[in-house]
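As they're listed, the protein sequences go chains A and L. According to the numbering used here, the first sequence is numbered sequentially starting from 150. According to the numbering used here, the second sequence is numbered sequentially starting from 696. C-beta: ideal position from N, C-alpha, C; glycine also. Following: one structure in C-alpha cells, then a few remarks.
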Amino acid sequence: MLETLNHTYQGFSETMSAGFQTILQFFSTHTILSGFLTLVLNGACHFLLPFLALLVIVRCGRSLFQSNLEPECWGNLVLSNGNRLPLTHWENLIGRSRLADVQMLFPSVSRSHAAMIRDSKGKWTLYPLNSKNGVTVNGSTVTEAVPLKPRDIISFGGIATCFLPSTPEEERQQAARRVRPGKNFSPSVTLLVLTLFQLLLSIELMTVSAAEHLQNILVAFGILIIIMWALYFIYRIFRRTSYELETLAFFLTTLCLTITARTSPSGLKKQTFCVIVGIVLFFGLTLFLRHPEFVRKARWPMAAGSVLLLGLNLLLAAVHFGAKNWLSIGGISFQPSEFVKIVFILVGAVTLDKMFDKRNLIVTLLYSAFCVGCLGLMSDFGTALIFFVTFLAITFLRSGDLASVLFMFAAAVFAGYIVLQFKSYILARFAVYRHVWDDPSNLGYQQTRTLSAIANGGLFGKGLGNGWLHKVGASNTDLVFGVISEELGLIIAVLGVVVILMMAVFAVQEASAARSSFSVITACSAAMIFVVQTMLNVFGSTDLLPLTGVTLPFVSVGGSSMMSCWALLAFLKASDTRQNAALAVKLPQKKAKDNAETDPESWTEKTGFLYRPQQVEQNSDGLPQLHAKLTEQQSVPVPVPADEPEAPEDFPEVPVSQEPPADAPVSDADNWQDFFLKPEEWEKK
Amino acid sequence: MKQLKFRTIFISFFTLCLCFGMVFLLGSYVVDGDYWAAHRSAGSVTKGTITDRNGQLLYDFSNGSYSDDYEIRVSTVHAVGDKVGSIANSAKSKLVGSQSSFNIITGISSKDTSLQLTLDANLNARALELLDGRKGVISLYNYKTGDILCMLSAPCFDPTDSEVIKAINEGSEKYQGAYVNRFFSSTYTPGSTFKVVTTAAALETMKHVEEFSFSCDSDLSYGDDSVTCPSTHGTVDLWEALGKSCNGAFATLANEIGGKTVEEYAKKAGLLSPMEVNGIKTAAGSFTVSKSAIEEGWSGVGQYKNLVNPCSEMTLMGCIAMDGTAASPSLIPTTKKTMKQASIDWKPSTCETVREMMRNNVVNHYGQSKFGELPVCAKSGTAEVGSDSPHAWFVGFVDSEEYPYAFVVMVEHGGWGSSTAGGIAAELLRAACE
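Structure below.
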C-alpha cells in the first residue's frame, strides 16, 4: 500500500515540478537576473510575511468573535400565565439555581430539579434529578427518564408548565433567520491571503534550499494549498460558510511544513503525508460527530482499543529499557499517546443526565489513571502531565467540584515529588529552572540557545536559512518556537501562539450557545490540550517553565502530533453552533413533515393556559430574530403561590413580566405567526 | 448548560495563564533581550575569526577550524574555546556575543563578528613549553593597558583531537579538570605569596613596625604544636622576614595585628571578592579568621584555610606596581575610554614600601641574574597542600615603564616556589620582553 502511495506521489510531484523545472532552467541561464530577483523577493517576503499572517488572523478573529452569539431555541416551557421559558440548548437544566438553563424562581423548585434533553432526531426526554418536590408529567410522578410528547404538562415541584418543542418548521425558520458566519469576512478572501502567505514562504524557502529538495518543497506546499481549497469547496457544497478554525489550523500547518523543509527536508514527504491524513481524520471525525448517539456508544470499544494500544506500548517500552513512547507497526512508527488523546476526550465527555451520576465519573477516573500511569511508566512525563491536566479539566467541567480537583492536583504534586526522587535526570531539569544562564553549556543548553535565537531574530526574523538554532537537537519539536522566532521573526511566532489562544477562547465562548454538554466538554478538553501543550512547549524552551519536551500543536514536526491535532480540531469545530458553520452540526431538513402548530383554542381548552406567541423582534436586516436577551425572559420574577399553583383562574392576577404582550413586534416579512391570535383578541373571544 | 458554561472558567484560567506567560515572555524579550544576545554561543556565529594580538589566526568561524600550530592550539584552548562549548568562559562562548549589538526590532545585527584577543599566541605556546606537562596556571598582563598577553591553564588539550576529548570525557587522570580555566575559575592555597598581604596589614596598622624583629630558630612553639620554618633564619626584621619568607615572623605578626585585620587587608587587596573580566566572573578567594592562635598564625603565613584566585592575585600585583590603581585585565583590546580600572584599598605609601620590599626579595634572595636587566619585584610561595608535594607560586611584576607586566605562575605540586615557579617566570618574562 505504501508503494502505491509512493507511486501516486511520484507521478503527482513529477507533473507539478515539470513547469518549475523550466523556470529553474531559465534562471540558471540568467544568473544576474535570478540573483537580483532572489534579493528583491527575499526582501519583500521577509517583511510582507508578518503582515499577511496578521491579516489572516485578524480576519479570522473578527469573524469568530465579532458577531454576537445568537442563541438557538428548541422549544418552550409555557407557564400558566402564557409566559414562555425558552429551551435554548439540547440539554437543559431546570431549577432554581442561577446556573440553571431554565431558571424557575419558585421556592418549591429545587436548585437542580430536572434535565430535559433533546436527541439529534428531535425526541425529548425528561430526566428527574434528585429534587425535593418531584416532577410529574401529565399528573403522574416520574422517577426515571421519560420520553416527552409535545404539549405534555410537566410540573416541577408543583409548578405546571406545558412543554412545547419547536416544530421542524420553526427550526427551519430559526435557521433561516440566524446570521451565517462568513457574511462580513468572506472566508475565501482570508484563504486567498493565506495562500499568498504560503506562496511567499515557499518562494523564500526554495531560494535557500538545496537543489535536491526543491521538488519536495514545491509538492508539499502545492498539496497544502490544494487540500486547503478543496476542503473549502467541500464546505461550500454542503452549504457551510465558516472556515475560520480551519484557516487558522492551516496557518499553523504552513509553519510546520516550513520548519520541516528547513530542519529536516528529507522528512518533508512524510510530514506532508501526515498533514493529509490529519485533515482526512478531521473530516472523518466531523462526519462521525454528526451522530452523537452513535459516538457515545462507539467510544467504549475505542476506549478498550486505546487501553490495548497503551498496554502494548508499555510492554515494548519495558523490553527496550526506558523511555519509549512510540510503536512501530509494519514499518510505520507512531506515538500511541497522540491518538489516545482523542479517545481520552471522548471517554471523558458526558451528557447532562450523566453529569449527576458519580458512578460514571469513577469509570473516567480509572481510565485516566491507567493512561497517566502508562505514560508515567514509559517516562513520557510531559504527555502524562497533559493527560492529567486535561483530566482535571474534564473532572471540573463535569462535577464543578473545585475541592476535589485541588485535592487531585495536590496528590499529583506529591506523586511528582516522589517520582523526582528516583529520576535524577528530571530533577536536574528542575535544578536549572530559572537559572539556565548559570549552566549554558550543559543543563541550560537548549533554553539559552532558544533565548539567544529569539534575540537574534528580532521582530521580523533573520530570514529562512539565516538561523542556527536548527543545529541544536530537537529544534524542530521542542524548540520550534525559537526556530520560528529566529528565521521568521517573533511576530509570526507569537501569532502562532495567538492562534492557539483564539481556539481556546472560541471553545469557551461557544459553551454558552452549545447544544449539549458532550460538545462543550469535548471542545473545551481539546482546547485545554492545545493550551497546555503550548504552554509547556513555548515556556519550557524559554525557561518560564521547566523543559518537558512536548510538541507545539500543529507546528512541531512529527506525524502523530500533526494527525492528532487535526483530529482534536474536529471537536472544536463541532461545538460551533453558528448557523451553517460546522459540518458536524446537521442543518434542519428541508422537507420535513410539519405538525400544525397548536391551535390556541384547543390549547387553552386542554391546558387551561393562557396562550401567548413567541417573542420575535426584527434584527438589522429586517428579519425576525429571537429575543436577544433570553436570559431576562427566563427568570420569572414573581412566584406563583406554591399552594395553588395550577389554579387556572389565577392567571389573570399573576403580574405579567416586563414584556409588552400587546404590541410585541410582529414580522411583516414572514407571515409565519399571523396564524396565532394576539392575547387580547383571544380574550375578546 | 449554563452551569457548564460557568465551569469553563477552568479552561479560561489556563488560557489566561498562557496569555500572561506570553506577555511576560515579550516583556523579558524587551528587558533581557540584550543579555540573551550578548550571551549567545559560538554556534550562532557563522562568519568571522578569532585572532591573537598579532593577527595570528586562532579560530575561524566560517569552517570551525583552529590554528595550524599544535602548541598554539593547545595553549589557547581555554581562551578560544573547544568545539562543543564545554569550556564555558571562552571567547567562543562568552566574548563573541559581547561584540554584537542588539535591537528589539531587528534583533542581533549581523555585522562581522571577528574578534582580536589581547593574547600573544607565541607567548602562550612558550608558557605551555615551560610548564612541561604539569598542571597549573601561567599568566601575564600589562598593568597599564589591561591586555592579558599570556593566559595558560593546564591541563589543556587539542580541541581538534577527538581521542583526547574522548579521554577527557571519560575522566582520564591526565586531563582532570581540563575544561576548567583555572586562571578564572579555580582557587588555590596561596602559601607565602600571601605574606605580601600580611606585610601590608602590618605596615598600615602596627606602630613601630620598623622596629619589628623576630628571632627564628625554625620552630615557633604554640603549646603542643608549632609554626615551622624550613630552615633557621636567625634574627630578622620585616624586610628580611619577607625576603627569607620566615613563617615564624609572619605568624607572630598575624597574632599581633589579629586575624581580623589580616582578613580586612585581603579584602582590601580584592582577593576575597570575584572580579569581572569581559563579563567572565572569576572565583572569589577566601580567608577564615580563627580564634586559635596557631591557626591565626598559619593564616598570616598564607596556609590554614586561605584560598586565592590566580587572576585576582595577578591584578593585586599590578595594583601594587601602580600605587593601588591599575588597569583591570582584559582579553579584548581596550581604549582609554573602555579600559576598566582595578584598585586596592591600600595607601600608596604602603604599595611603595611593599614594592621596594619585593624588589629587595629579587635582588637579595631570588637572584637578579635570572631576570637579566629587568627590575622585577616578586614573591615566591610554596603552598603546603596535604601530603603531596606543595604548590609552587611565583607572583610579581616588572617595575618598568617599558615593560609594565604583572604575572602569576602557579605549578600544582611543583615543589619550591622560587626555584620551580620562579624559573618559569624568568623565562616567561624573557620571552615577553623580547
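By the rule that beta-carbons nearer than 8 Å mark a contact, S788(L) touches chain A. Assigned with DSSP and collapsed to three states, R664(A) falls in coil, not helix or strand. Every beta strand (DSSP E) of 3 residues or more that sits fully in the region 904–983 of chain L is shown, in chain order, as 909–911, 914–917, 920–923, 929–931. According to DSSP, residue pairing for A263(A) in a beta bridge involves I243(A), P277(A).
By the rule that beta-carbons nearer than 8 Å mark a contact, L835(L) does not touch chain A. With respect to the 8 Å criterion, F1089(L) and V1104(L) are classified as neighbours on the basis of their beta carbons. Fewer than three pairs of CB atoms, one per stretch, sit closer than 8 Å, so the region 942–950 of chain L makes no contact with the region 1007–1024 of chain L.
Not one beta carbon of chain L lies nearer than 8 Å to the beta carbon of H619(A). Taking the Cα of G698(A) as reference, the smallest distance to any Cα among S710(A), V499(A), L685(A), L608(A) is reached at L685(A). Inter-residue distance for P1024(L) and K1031(L) is about 14 Å (C-alpha atoms, whole angstroms). Taking the Cβ atoms as the reference, S634(A) lies roughly 4 Å from I603(A), within the contact range of under 8 Å.
Contact of A732(L) with chain A is assigned, a C-beta pair being separated by under 8 Å. Rounded to whole angstroms, R267(A) and L717(A) show a C-alpha spacing of 25 Å. Under the rule that a run must span 3 or more residues, the beta strand (DSSP E) segments found entirely inside the region 1069–1129 of chain L read 1071–1078, 1086–1093, 1100–1106.
Between A719(A) and L438(A), the CB-CB gap stays under 8 Å.
In the three-state scheme derived from DSSP, where H, G and I count as helix and E and B as strand, C845(L) is classed as strand. Assignment of D587(A) by DSSP, reduced to helix, strand and coil, places it in the helix class. Cβ proximity to chain L below 9 Å picks out D250, Q252, S261 from the region 250–268 of chain A. Linking H238(A) to R389(A) through their CA atoms gives a straight-line distance of about 21 Å. Rounded to whole angstroms, I704(L) and G549(A) show a C-alpha spacing of 10 Å.
The C-beta distance from S968(L) to A979(L) rounds to 5 Å, short enough to meet the 8 Å contact threshold.
Contact between W617(A) and G427(A) does not hold, since the beta-carbon distance rounds to 30 Å and is not under 8 Å. Secondary structure within the region 365–423 of chain A: the alpha helix (DSSP H) runs of 4 or more consecutive residues, fully enclosed, are 393–412 (chain order).
Chain L places a beta carbon closer than 8 Å to that of L600(A), counting this residue as a contact.
Going by C-alpha positions, S710(A) is about 6 Å away from E487(A).
Contact of I633(A) with chain L is not assigned, every C-beta pair being separated by 8 Å or more.
Q595(A): member of the alpha helix (DSSP H) spanning 594–606, first to last residue. In this structure R877(L) is buried. Its beta-carbon is surrounded by 16 or more other beta-carbon atoms within 10 angstroms. With 16 or more other Cβ atoms inside 10 Å of its own Cβ, E221(A) counts as buried. In terms of beta-carbon proximity, R877(L) stays away from the interface with chain A, with every pair separated by 8 Å or more.
When beta bridges are read from the DSSP output, F797(L) appears opposite I803(L). Taking CB atoms only, C673(A) has a neighbour in chain L less than 8 Å away. Excluding five sequence positions before and after A263(A), the CB atoms of its chain that fall closer than 7 Å to its own CB belong to I243, L275, Y276, P277, L278, S280, V284, F305, given in chain order. For P414(A) and E636(A), the gap between their C-alpha atoms comes out near 16 Å. The alpha-carbon of S762(L) is positioned some 34 Å away from that of T801(L). For A518(A), no beta strand (DSSP E) segment is defined; the enclosing uninterrupted segment is the alpha helix (DSSP H) at 507–526.
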